[in-house]
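One structure is given here, and the rest of the page talks about it.
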Amino acid sequence: MKVWKVAILIFLMVGCSSNSIPIEVLDLDYLDERALHNRDEEFLYSEIDGVYVHDYIKQNKEKSVRWTATVQRIQDERTIELKEPYLPSILVTFENAFEEDIQIGDVVTIHGVLIGYGETFGADPVWVVRPAELVETTEEEVQQLVEYQEKAAEVE
């Protein structure tokens, strides 16, 4: 009888931890138009809402991000890089290999855990989202992305 109780307890613990992406979404937009205002300087996040960026991420680790952007690079069946003009890249690692046929240039929406921010080999800044999942892109998200891309094209 005790074996069953232990087995049920283990099952519940594993089952509860299988959804490792928090439901509550962090109020941090990827499409930050401040990046379009001063193109002489690379847009880097040193702080968010007055808090050092890494501390901000730590303070909000129980929340997730939902971002829409264009696929720039596909590393393997679980890792892609998203990027929009003048903004940091987003390095995304999915919980499972994606089943959809994703191509460079596709617009996707991801829902995942923001775990870091930094520079890739001293070059472009990057957000790191892991684990993540692909979610359906809404019309509103597509519209916001198109508007941002149009404004970015005007700056060029």
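Position 156 (the sequence shown) corresponds to 482 in our numbering; numbering is contiguous.
In this text, a Cβ means the ideal position worked out from N, Cα and C, and glycines have one as well.
Between Ala458 and Phe420, the C-beta gap is smaller than 9 Å, which places the two residues in contact. Three or more Cβ pairs closer than 8 Å define a contact, and the region 355-373 falls short of that threshold against the region 429-439. Excluding five sequence positions before and after Glu350, the CB atoms of its chain that fall closer than 6 Å to its own CB belong to Lys389, given in chain order.
In the structure shown, the three-state DSSP call for Tyr378 is strand. Residues of the same chain with a CB within less than 6 Å of the CB of Tyr474, apart from the 5 flanking positions on each side, are Leu357 in chain order.
The beta carbon of Val377 lies closer than 8 Å to those of Gln385 in the same chain, with the five residues before and after it left out. At a Cβ-Cβ threshold of 9 Å, Val439 and Val391 count as neighbours. Between the C-alpha atoms of Ile436 and Val379 there is a straight-line separation of about 21 Å. Under a 10 Å Cβ-count criterion, Ser415 is classified as buried, with 16 or more other Cβ atoms of the shown protein chains found around its own Cβ. Excluding five sequence positions before and after Ile400, the CB atoms of its chain that fall closer than 6 Å to its own CB belong to Ile406, given in chain order. Per DSSP, reduced to three states, the secondary structure at Glu462 is coil, with no helix or strand assignment. In this structure, Leu417 lies near Arg456, with their beta-carbon atoms less than 9 Å apart. Checking the DSSP bridge columns, you'll see Val455 partnered with Val418 and Leu440. Excluding five sequence positions before and after Ala361, the CB atoms of its chain that fall closer than 6 Å to its own CB belong to Phe369, Tyr412 and Leu413, given in chain order. Straight across, the Cα-Cα distance linking Ser372 with Glu410 is about 19 Å.
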